[in-house]
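When we follow my numbering, the leftmost residue of the sequence shown carries the number 675, and every step to the right adds one. Ideal Cβ positions, reconstructed from N, Cα and C, are used throughout, including at glycine.
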Amino acid sequence: MEQVLHQINDYKKEIAAFTSIDDKSVEEFRIKWLGTKGIVKAIMGEMKNVPIEKKKEFGQILNDFKLFVENKYESLKDTISNQQPAPDSYRDSDKSDLTLPGDTMPLGSHHPVTLMKNRIVSIFQRLGFAVAEGPEIEDDWHNFGALNLPLHHPARDLQDTFYVQQNPDFLLRTHTSNVQIREMEKGKLPIRMIMPGRVYRNETVSARSHCFFHQVEGLYIDENVSFADLKQTLYFFVKEMYGKDVKVRFRPSYFPFTEPSAEMDISCFICGGEGCAICKKTGWVEILGCGMVHPNVLQNCGINPGKYTGFAFGMGIERPAMLKYGINDIRMFSENDVRFLKQFTSVI
Ligand code: PHE
């Protein structure tokens, strides 16, 4: 028994001196001392060799020893778990509160030109017009020739048109009318198309005009299409776009590719026709150009003008967008200033 007591003292010293560095060594400690084949169990087995009168005293010593080992084991576990790095979000240095609502995603917005284009296009789509697009780099024929623009026409002037320097047969389209030609050339009739797109003109950039802007053009070709159809279509558009109280007037005009041609004004929707800075005190705002497709244009595209007639119209997008959103400088549209653009976040 003396020997066992000695042994226990030695064990206590060994245990007291033991330190652990990780989970693994703590587990090894447990197995060595407290496991089913561990030392504590083995020592407990000594009880049977102890004489009866000493059993109580010896039992006490063994229990103390067992408690000593268990306490050591618990404290080893505690130190290890305190050393373990906490999951990222719980670290002291990072005071994230996981119950906070998430950051809102910054919302993008449609560009005001896109907003206006979508409004215009959707009105004509309801009348059965399909959307068509064409190239911005165009040849002379599709931009001018086929549209009945004779060679000497001032619109071909270098002042107005950007030609491709390496190959002056190509140019940046000056209007979306090139898409008219491309659609008519396909030879599938009737045609009822709306054609939005970007166009280019060699103009001095200022608050009122830019060297590129956007247009929407419409084309309707079928048998028996008349100027009355053109007017009704545009009346519907104006009512949907600017409201039912807006008045409309047509003024005779000239475009090489339409005959007769007209320009359409609406009563100024800012002053209601009273006269203001926007309408230059006239009470009217010019909205679009239009007319019956010139027979030469039909012929140029292989369509029989004796059988088919049609109307076309074209309008800018920037001007009405400026009026609608109160934008007083056309350059804002192309400067990509987020302070400007994000004002349209909630507009659809
Ligand atoms: N293409 C003309 C322009 O750019 C607009 C227009 C289109 C006029 C169709 C009549 C018919 O000004």
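In the DSSP assignment, Val678 falls outside any beta strand (DSSP E) and within the unbroken alpha helix (DSSP H) covering Glu676 to Ala691.
Taking 7 Å as the cut-off, one finds no heavy atom of the ligand PHE near enough to the beta carbon of Glu1009. If you draw a straight line from the Cα of Gly946 to the Cα of Val920, it is about 8 Å long. Taking 8 Å as the cut-off, the Cβ atoms of Gly965 and Ser935 count as close.
Here Gly984 is buried, its C-beta having at least 16 other C-beta atoms within 10 Å.
For Phe987, no alpha helix (DSSP H) run applies; the uninterrupted beta strand (DSSP E) run containing it begins and ends at Thr983 to Gly990, by DSSP. Pairing Met675 with Val714 gives a Cβ-Cβ distance that is not under 8 Å. Closest in alpha carbon position to Lys687, among Cys942, Arg1005, Phe742 and Gln734, is Phe742.
Residue environment analysis places Thr835 among the buried positions, since at least 16 neighbouring C-beta atoms fall within 10 angstroms of its C-beta.
A direct Cα-to-Cα measurement between Lys740 and Ile695 gives close to 23 Å.
Counted as a single uninterrupted DSSP element, the alpha helix (DSSP H) harbouring His816 occupies residues Asp814 to Asn817. For Thr932, the enclosing beta strand (DSSP E) covers residues Thr932 to Ser941. Listed in chain order, the beta strand (DSSP E) runs fully inside the stretch 880-927 are 886-896, counting runs of at least 3 residues. From the listed residues Met867, Ile1001, Thr878 and Asn745, the smallest Cα separation to Ala690 is found for Asn745. Between the alpha carbons of Ile868 and Thr956 lies a gap of roughly 30 Å. When beta bridges are read from the DSSP output, Ile811 appears opposite Leu846. Contact between the stretch 927-943 and the stretch 778-793 is absent, with fewer than three C-beta pairs closer than 8 Å. With a cutoff of 7 Å, Cys950 does not count as near the ligand PHE, since its C-beta is closer than that to no heavy atom of the ligand. The DSSP assignment places complete alpha helix (DSSP H) segments of no fewer than 4 residues inside the stretch 688-745 at 697-703 and 713-718, in order along the chain.
Closest in alpha carbon position to Ala902, among Pro824, Ala986 and Thr878, is Ala986.
About 23 Å separates the CB atoms of Val787 and Ala951; that is not less than 8 Å, and the two are not in contact. Taking 8 Å as the upper bound for CB-CB distance, Tyr999 and Leu863 are not in contact here, some 38 Å apart.
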